[in-house]
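A short write-up of the structure that comes next.
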Amino acid sequence: MRQINLQCPYFERFNLSIETIHKADNGNSENVHGLSKEQLATREVVIIDIASTVTDYWSYAIGTSPVDLSKFKSSRTNRGPLLEGWQDLCEPVMTAYKLVTVDAPYWGFGYRLEQALLSAERALFLESHRNCFAWIDDWYGMTMEQIRELEKQSDSSLNEKLGKVASVDDTQGLDLNDSDKNMKQLS
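Residue numbers (this note's numbering): 591 to 777.
Laid out in structure tokens, this is it:
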């Protein structure tokens with residue numbers, strides 16, 4: 591399981607948590623995160639189909655891949671196209687089970703902030719997993735070392751475009767609650 595927790599020093603009570611579990615199934619596993627009965631009663635299950643062409647505001651804000659997965663076919667793996675019902679027809683299939691928890695206990699805007707973040711995360715998950723499939727010919731067969739090198743090159747390229755921003759390697763050991771200390775570490 592991979593877990594990410596984000597906090598903001600300006601909103602001390604704010605918390606965003608994303609837990610991810612990958613399983614070799616078509617999305618039919620129940621309670622992979624081991625939630626309690628109380629948590630199960632309040633959770634909302636959202637199925638994100640990477641072959642879906644439905645877009646919303648966040649899809650436009652994040653950007654959408656020009657690749658149509660209903661027409662795409664990998665030349666290296668012979669996977670695709672992803673037609674309706676592909677989850678039950680294709681082999682192998684992997685599901686990324688994501689448990690997203692947002693807590694913004696602020697009167698007046700907390701609920702709206704929570705809903706906006708959940709929608710943005712959904713669009714981000716959709717687009718990143720679409721791209722992962724669409725770019726399969728670029729990464730299929732790579733070793734973990736080669737993938738890490740590709741990540742570093744992508745990180746470096748992005749930093750050049752945006753100006754120096756924290757990279758994955760730069761953020762190791764940062765205290766998300768101490769922005770002054772972090773800025774000194776990153777400088």
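Idealized CB from N, CA, C, for every residue including glycine.
Given the structure is predicted, the values throughout are model-derived calculations rather than measurements.
Inset, instruction - Would you kindly work out how many angstroms separate the C-alpha atoms of Asp615 and Phe723, rounded to a whole number? - result: The sequence position of residue 615 within the sequence shown is 25, counting from 1. The sequence position of residue 723 within the sequence shown is 133, counting from 1. Asp615 and Phe723: Cα-Cα distance of roughly 16 Å.
Legend entry - Residue span of the beta strand (DSSP E) that contains Ala686, given as start and end: In the sequence shown, counting from the first residue as 1, residue 686 sits at position 96. Unbroken beta strand (DSSP E) run through Ala686: Thr685 to Asp693.
Inset, instruction - Label Leu672 either buried or exposed according to how many other C-beta atoms from any shown protein chain fall within 10 Å of its C-beta, with 16 as the threshold for buried. - result: Here residue 672 is taken as the residue at index 82 of the sequence shown, counted from 1. By the neighbour-count rule (16 or more Cβ atoms within 10 Å), Leu672 is buried.
Legend entry - Leu606, enclosing alpha helix (DSSP H) - first and last residue: Numbered from 1 along the sequence shown, position 16 holds the residue referred to as residue 606. No alpha helix (DSSP H) contains Leu606, which is instead part of the beta strand (DSSP E) from Phe601 to Lys613.
Inset, instruction - Look up Ala756 in the DSSP assignment and say whether it is helix, strand or coil. - result: Here residue 756 corresponds to residue number 166 of the sequence shown, with the count starting at 1. Confidence in Ala756 is poor, its pLDDT being 48 and thus under 50, which makes the residue's placement unreliable; the coordinate value appears in the next sentence. Reduced to three states, the DSSP call for Ala756 is coil.
Legend entry - Three-state secondary structure assigned by DSSP to Asn749: Indexing the sequence shown from 1 puts residue 749 at position 159. The answer is helix: DSSP assigns Asn749 an H, G or I state.
Legend entry - the region 687-697 contacting the region 651-666, beta-carbon criterion three pairs below 8 Å: no
Inset, instruction - Note down the Cα distance separating Gln629 from Glu750, rounded to an integer number of angstroms. - result: As a position in the sequence shown, residue 629 is number 39, starting the count at 1. As a position in the sequence shown, residue 750 is number 160, starting the count at 1. Cα-Cα distance, rounded: 43 Å.
Legend entry - Asn621 - containing beta strand (DSSP E), residue span: The residue given as residue 621 occupies position 31 in the sequence shown. Segment: none, Asn621 is in no beta strand (DSSP E) and carries neither H nor E.
Inset, instruction - From the DSSP output, in three-state form, read off Ile640 for me. - result: Mapped onto the sequence shown, residue 640 falls at position 50. Reduced to three states, the DSSP call for Ile640 is coil.
Inset, instruction - With DSSP as the reference, label Leu740 as helix, strand or coil. - result: Here residue 740 refers to the residue found at position 150 of the sequence shown. Helix at Leu740.
Inset, instruction - Decide if Phe601 is buried, meaning its Cβ has at least 16 other Cβ atoms within 10 Å, or exposed. - result: The residue you call residue 601 lines up with position 11 of the sequence shown. Exposed.
Inset, instruction - Can you check the region 698-742 for any alpha helix (DSSP H) of at least 4 residues that lies completely inside it and give the ranges in chain order? - result: 700-724 and 726-729
Legend entry - Close beta carbons around Pro695, own chain, < 7 Å, minus the five adjacent residues each side: Stepping through the sequence shown from its first residue, residue 695 is reached at position 105. For Pro695, where only same-chain residues beyond five positions count, the Cβ hits under 7 Å are Arg603.
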